[in-house]
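A.B. asks: Next up is a structure, given as structure tokens.
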Amino acid sequence: MPSTHKPAARLTRREFVKLMGGLAASGLALLILRPQPAFSSVLPPGAVLPANRFRALCQRCGKCVAICTRRAIRQNAEGLPFIDGLSGWCDFCMDCARVCPTGAIQMVEPKQAKLGVAVIEREQCLAWKWIGCRLCYEKCAGLQKAIELDGDFQVYVLSDRCNGCGACVNVCPQPDGVRQNKNLGRAVALRAGDDESGS
Amino acid sequence: MNPVLDEIRAEPGARPAALRQRAARVSWSRVRAVVTMGVLLAIGVAAGRGFDPPTFSSFRVGALEISCPLGVAQLLAASQEFIPAVALAGLAGVLSIGLLGRAFCGWLCPGRWIFNRGPWQARQPWRYRAWVQGALASGMVGLAWVCHAPVFCVICPAGVVCRGAIAAGTGAGLAPTIGWLSALVGFEWLSRRSWCRDLCPLGATIGLVSRLNPFVKVKADPERCCPCLACEKVCPEGMNLSRDADLSACTKCLACQSGCPRGAVEIKWFDRFPGRSETLAKR
């Protein structure tokens, strides 16, 4: 008695590769294009809009990066600007707000701007492991006076006074851990001040 | 009727005078390469010295801001709000395209040198080209509306290369630039279509409004042109000067002038009948 089963349609190798390529491409497209709710890196001083509005208004033209003479601003892979303490620090000159063609970065009062908070990694910090280094303290003493020494000459950050300019990250002599973990800077790193974002 | 043919008939062995002119013509592709490289170099150097460089996204002429129309449309769609200053800059961009057409694609956009290197250049463009281009441009604006971000600005080859020039000038890494460009080249190879001619939403947007531009038009000289396929083969947009009535996709790269074996392509610096040129096909 002949079997009633039909042989299943064979998938050729070419079709299989096309199918997988299409699936991978659409998955990648979804991954890149999905709407992202929050944006947590440290933004330039005039980026006072809510994160979603900032993402929508930024044209990714790179003018703020070009005008920043201190090299404090970098663009991430998507083209959005962020304050990168590794290459420079922000002196709140507000040039970036002046050149922004779309108003994503706006003029704000420099004294009231707060970009984020510096956080000291005690595992890496020379002042906490041994005594001696106090470069970030000396740098900040001329600016915001947000880094202080305790009785053992160990540094700590006064987070309500810190305005997140990134000068301490810039002078820190420890090698940066960028290759291991992008959220870590050197022994001191900038974090977006999510709870203080009301400026 | 045709002086070239008449000369050939009169003296079969000799090279006609109309063909002898060819050696004197300019190599426009070299000029265009120098212009593109020079502009990108200037952007990088300006960024390195801390100036406000003009970019492909937006630049300022006096007090007038001129912005990329597709970028502005995406921004307004993404923010779901009408911002008059941004819209005005976009309108200025549209007007500048109305003056110069797709000259940006041929002369400034570095995508011209990165894409269009595959066998699909021999294929015909999309059948209903204007409709496909409208769909591409409005699709990007719709995507920006849905994603609440100017999605095409992130991957736009002109913008990516411009950001790369700024990054190189300021000492940042080029990894995002190279990554996005190779992703786009890979997409072009997978789609078996020419990026600049068939796929680029920016070029499509410019092509939609370039119809009325009156400056720098190429035109076949009816005295010399014996309708052939020479210009169609060298044209990155796949147009034929002796056949096509609608030359609104012309990027003014002037490759047809360098490539015509009869020297029959004239450059009209100002053309009173924009968008249309008389064809030779009916003769």
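If you read the protein sequences in the order shown, they are chains A and B.
Position in the first sequence (first residue = 1) + 950 = the working numbering.
Position in the second sequence (first residue = 1) + 5 = the working numbering.
Where a beta carbon is used, it is the ideal one built from N, C-alpha and C, also for glycine.
Everything numeric in this text was worked out from a predicted model, so none of it was measured.
1) How would you write the range of the beta strand (DSSP E) that Lys-273 (chain B) sits in, first residue to last?
2) Output needed in chain order: residues of the stretch 999-1011 of chain A with a Cβ under 9 Å from some Cβ in chain B.
3) What separation, rounded to the nearest whole angstrom, lies between the Cα atoms of Val-159 (chain B) and Gly-55 (chain B)?
4) Going by DSSP in three states, Lys-1061 (chain A) sits in which element: helix, strand or coil?
5) What runs of the alpha helix (DSSP H), each 4 residues or longer, lie entirely inside the stretch 1010-1066 of chain A?
6) Per the DSSP calculation, Glu-242 (chain B) is bridged to which residue(s)?
7) Give a yes or no on whether the minimum CB-CB distance between Cys-205 (chain B) and chain A is below 8 Å.
8) Less than 8 Å between the C-beta atoms of Leu-195 (chain B) and Cys-161 (chain B), yes or no?
9) Could one say the Cβ of Arg-1024 (chain A) lies closer than 8 Å to chain B's Cβ atoms, at least one of them?
10) Compare the beta carbon distance of Val-165 (chain B) and Trp-185 (chain B) with 8 Å and say whether it is the shorter of the two.
11) Which of the three DSSP states, helix, strand or coil, is assigned to Leu-1099 (chain A)?
12) Suppose you measure from the CA of Ala-988 (chain A) to the CA of Ala-188 (chain B); what does that come to, to the nearest Å?
13) Check whether the Cβ of Ser-63 (chain B) lies closer than 8 Å to any Cβ atom in chain A.
14) Skipping 5 residues on each side, what residues in its chain have a beta carbon closer than 7 Å to that of Ala-1077 (chain A)?
15) Rank B:Trp-33, B:Phe-275 and B:Leu-234 by C-alpha distance to the C-alpha of Arg-267 (chain B) and give the top, closest one.
16) Nearest to Gly-1038 (chain A) by alpha carbon, out of A:Pro-994, A:Phe-966, A:Ala-1091 and A:Ser-976?
17) Name, going along the chain, the residues of the stretch 147-164 of chain B whose beta-carbon falls closer than 9 Å to a beta-carbon of chain A.
18) Could you compute how far the alpha carbon of Arg-251 (chain B) sits from the alpha carbon of Ile-1055 (chain A)?
19) Please determine, among A:Ala-997, A:Gly-1012 and A:Phe-1004, the residue with the shortest C-alpha to C-alpha distance to Ala-173 (chain B).
20) Strictly below 8 Å CB to CB, what residues from chain A border Phe-70 (chain B)?
21) Among B:Pro-130, B:Gly-123, B:Ala-154 and B:Gly-67, whose alpha-carbon lies nearest the alpha-carbon of Leu-75 (chain B)?
22) Buried or exposed: where does Gln-986 (chain A) fall if 16 or more other Cβ atoms within 10 Å of its Cβ makes it buried?
23) Name, please, each residue of chain A whose Cβ falls closer than 9 Å to the Cβ of Gly-76 (chain B).
24) Taking CB distances under 8 Å as the criterion, tell me whether Val-967 (chain A) reaches chain B.
25) In its own chain, which residues sit with a C-beta less than 6 Å from the C-beta of Asn-121 (chain B), not counting the 5 before and 5 after it?
26) If you reduce the DSSP assignment to three classes, tell me which class Phe-109 (chain B) lands in.
27) What residue range does the alpha helix (DSSP H) around Leu-75 (chain B) cover?
C.D. replies: Let me spell this out:
1) In this chain, the beta strand (DSSP E) harbouring Lys-273 (chain B) covers 270-275.
2) Per Cβ criterion, the list reads Asn-1002, Arg-1003, Arg-1005, Ala-1006, Leu-1007, Cys-1008, Gln-1009, Arg-1010 and Cys-1011.
3) Within the model, the alpha-carbon separation for Val-159 (chain B) versus Gly-55 (chain B) is close to 23 Å.
4) In this structure, DSSP gives Lys-1061 (chain A) a helical state, which the three-state scheme calls helix.
5) You should have 1013-1017 and 1045-1049.
6) BP columns for Glu-242 (chain B) are empty, so no partner.
7) At a cut-off of 8 Å between beta-carbon atoms, Cys-205 (chain B) makes no contact with chain A.
8) Not a contact, by the Cβ cut-off of 8 Å.
9) Yes, Arg-1024 (chain A) lies at the interface with chain B (some Cβ there is under 8 Å from its Cβ).
10) It is a contact, given that the beta carbons lie within the stated cut-off.
11) It is a strand residue.
12) Caution is warranted here: a pLDDT of 44 is assigned to Ala-988 (chain A), below 50, making its placement in the model unreliable, and no coordinate value can be reported.
13) So yes, Ser-63 (chain B) belongs to the interface.
14) Within the same chain, Ala-1077 (chain A) has close Cβ partners Cys-1083, Arg-1084, Phe-1103, Gln-1104 and Val-1105.
15) Put simply, of B:Trp-33, B:Phe-275 and B:Leu-234 the residue whose alpha carbon is nearest the alpha carbon of Arg-267 (chain B) is B:Leu-234.
16) Considering only alpha carbons, the answer is A:Pro-994.
17) Against chain A - using a Cβ distance shorter than 9 Å - the residues of the stretch 147-164 of chain B are Leu-148, Ala-149, Val-151, Cys-152, His-153, Ala-154, Pro-155, Val-156, Cys-158, Val-159, Ile-160, Cys-161 and Gly-164.
18) The residue you asked about is not Arg; residue 251 (chain B) is Asp in the sequence shown. When rounded, the separation of the alpha-carbon atoms in Asp-251 (chain B) and Ile-1055 (chain A) is 42 Å.
19) Across the set A:Ala-997, A:Gly-1012 and A:Phe-1004, the C-alpha of A:Gly-1012 shows the shortest separation from the C-alpha of Ala-173 (chain B).
20) One detail in the question is off: residue 70 (chain B) reads as Glu in this sequence, not Phe. In chain order, Pro-1051 make up the part of chain A whose C-beta sits under 8 Å from the C-beta of Glu-70 (chain B).
21) For Leu-75 (chain B), the nearest C-alpha among the options comes from B:Ala-154.
22) Bear in mind that a pLDDT of 49 at Gln-986 (chain A), under 50, signals an unreliable position, so the model cannot answer this.
23) Result: Gln-1009, Arg-1010, Cys-1011 and Thr-1052.
24) By this cut-off, Val-967 (chain A) is not an interface position.
25) Once the five neighbours on either side are set aside, the close Cβ partners of Asn-121 (chain B) are Ser-199, Cys-201 and Pro-241.
26) If DSSP states are grouped into helix, strand and coil, Phe-109 (chain B) belongs with the helices.
27) Start and end: 74-84.
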